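To start, the structure itself, in structure tokens.
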Amino acid sequence: MIKHHPNAAILKDFVDGNLADSVSLIVSSHVELCEHCQKQVSMLTAQAADSVFESDTAGLKLSDSEMDAFLSDDGEFDFDAIDQITADLSQVVEVVVEAQQETVSNTTFTIPRALNSVARKDWLNLGKISRARLDFDDESHHTSLLHIDKDGQVPCHTHKGFEITLLLEGSFEDEMGVYNKGDFIWLDGEHTHQPATKEGCVCLTVSSDALYF
3 MIKHHPNAAI LKDFVDGNLA DSVSLIVSSH VELCEHCQKQ VSMLTAQAAD SVFESDTAGL
63 KLSDSEMDAF LSDDGEFDFD AIDQITADLS QVVEVVVEAQ QETVSNTTFT IPRALNSVAR
123 KDWLNLGKIS RARLDFDDES HHTSLLHIDK DGQVPCHTHK GFEITLLLEG SFEDEMGVYN
183 KGDFIWLDGE HTHQPATKEG CVCLTVSSDA LYF
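This is how it looks when you write it as structure tokens:
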């Protein structure tokens with residue numbers, strides 16, 4: 003069960019397109035896994051659409067010639083004319099993007115669809131920790147896939163900037179709690195922790211600066 007989510011302000015900025023690209027990428031990946039946040043994003047998107055529609059149509063008035071185009075000879079609305087400029091939704095084809103899977107150190111996990119078009123560099127291994135940088139240019143932000151093998155841990159550290167972690171597979175724990183697949187964790191310089199995993203885990207991470215060990 004997912005217990006850790008982006009807060010309401012982050013989801014609002016995500017819908018409004020106000021997040022850095024890398025942060026938007028990891029929020030999108032969480033939303034893909036989380037039914038709760040899917041509902042929140044749908045609601046915020048509908049509210050944003052309503053707001054835009056209301057502002058765009060405020061004071062809108064059809065001219066006489068535009069109105070005549072929709073009226074039949076008897077002064078009633080000509081629904082055939084309306085149908086001619088309305089898309090036939092029955093012809094809309096839904097494009098389904100298939101999920102990709104990847105294996106690292108005998109762990110197979112699903113790549114979030116948001117990452118499908120993002121190039122991934124080779125995995126670099128250091129003991130029980132493997133990292134694959136994403137070839138994703140977003141100013142000073144660094145985006146990576148991180149794998150920690152069974153009974154592995156990351157040295158105790160804090161953060162000069164922020165670090166966002168999305169758990170894609172497995173679980174880990176630190177001084178603040180236990181995290182499972184789908185959990186979204188945002189930490190900064192106020193937090194010091196030492197993540198450790200018994201079963202192994204794969205995470206998507208975004209950091210704005212170096213870690214401080």
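Following the working numbering, the numbering of the sequence shown begins with 3 at its first residue and continues without gaps. By construction, the Cβ of each residue, glycine as well, lies at the ideal position given by its N, Cα and C atoms. Nothing here was measured: the structure is a model prediction, and the numbers come from that model.
Query, Result
"Around the C-beta of Gly-202, are 16 or more other C-beta atoms found within 10 angstroms, so that it is buried, or is it exposed?", "buried"
"If Gln-196 and Gln-155 are in contact, beta carbons under 8 Å, what's the gap, nearest whole angstrom?", "6 Å"
"For Trp-188, which residues does DSSP report across the bridge?", "Ile-166"
"Does the distance from the CB of Asp-153 to the CB of Ile-131 come in under 9 Å?", "no"
"Check whether the Cβ atoms of Glu-165 and Asp-190 sit closer than 9 Å, and answer yes or no.", "yes"
"Taking the straight line between their C-alpha atoms, what separation do you get for Ala-48 and Val-17?", "10 Å"
"On the CB-based measure, 16 or more other CB atoms within 10 Å of its CB, does Cys-158 come out buried or exposed?", "exposed"
"List the residues that DSSP assigns as beta-bridge partners of Ala-134.", "Leu-147"
"Which of the three DSSP states, helix, strand or coil, is assigned to Thr-47?", "helix"
"Under a three-way DSSP split, which group does Leu-35 fall into?", "helix"
"Would you kindly check if the distance between the Cβ of Ser-31 and the Cβ of Leu-148 is under 9 Å?", "no"
"Tell me whether Thr-105 is buried or exposed, calling it buried when 16 or more other Cβ atoms sit within 10 Å of its Cβ.", "exposed"
"What does the Cβ neighbour count give for Phe-174, buried or exposed, with the cut at 16 atoms within 10 Å?", "buried"
"Would you kindly work out how many angstroms separate the C-alpha atoms of Thr-207 and Gln-42, rounded to a whole number?", "23 Å"
"Using three-state DSSP, classify Ile-113 as helix, strand or coil.", "strand"
"In the DSSP assignment, what are the bridge partners of Glu-171?", "Val-204"
"Helix or strand or just coil, what does DSSP make of Ile-196?", "Per the sequence shown, the amino acid found at residue 196 is Gln instead of Ile. DSSP places Gln-196 in coil when its eight states are reduced to three."
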